[in-house]
Amino acid sequence: MRRVVKVAKVEIRCFATLRDLLPFEAKNGVYKYETRKTTIEGIVEELSLPKDKLHLILKNGVRVELNEPIKDGDRIGLFPPIGGG
1 MRRVVKVAKV EIRCFATLRD LLPFEAKNGV YKYETRKTTI EGIVEELSLP KDKLHLILKN
61 GVRVELNEPI KDGDRIGLFP PIGGG
């Protein structure tokens, strides 16, 4: 029996220095695409984003960790460390 793999349509929002790491098709730091990955970590790896540069991760406005499951329609926000002075 074949296993059916669901496809999720997600919106990735990268901020500050992470913005430039999104694919060319991204507009203003927002990338909408379809994935078969099941966690935020899977998406980060799929998009070749550096895990060590992620300071804050939001899913639908709530702080989560990399191992957070995703579903169709989720909005993921990725923030690097913010410096100031």
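Per the UniProt record's numbering, the very first residue in the sequence shown carries number 1; after that it's consecutive. Note that the Cβ used here is the ideal one computed from N, Cα and C, for glycine as well.
Taking the alpha carbon of L47 as the point to measure from, which residue in A8, V7, I12 has its own alpha carbon closest? I12
When you compare each of L18, T17, C14, D74 to V7 by their alpha carbons, which one comes out closest? D74
Under 6 Å Cβ to Cβ from L56, same chain only, skipping five residues before and after it: list those, please. F79
Please state the DSSP three-state secondary structure of I17. For the record, residue 17 in the displayed sequence is Thr; it is not Ile. Helix at T17.
Check for me: the beta strand (DSSP E) holding G42 runs from which residue to which? Unbroken run through G42 is the alpha helix (DSSP H), 40 to 46; no beta strand (DSSP E).
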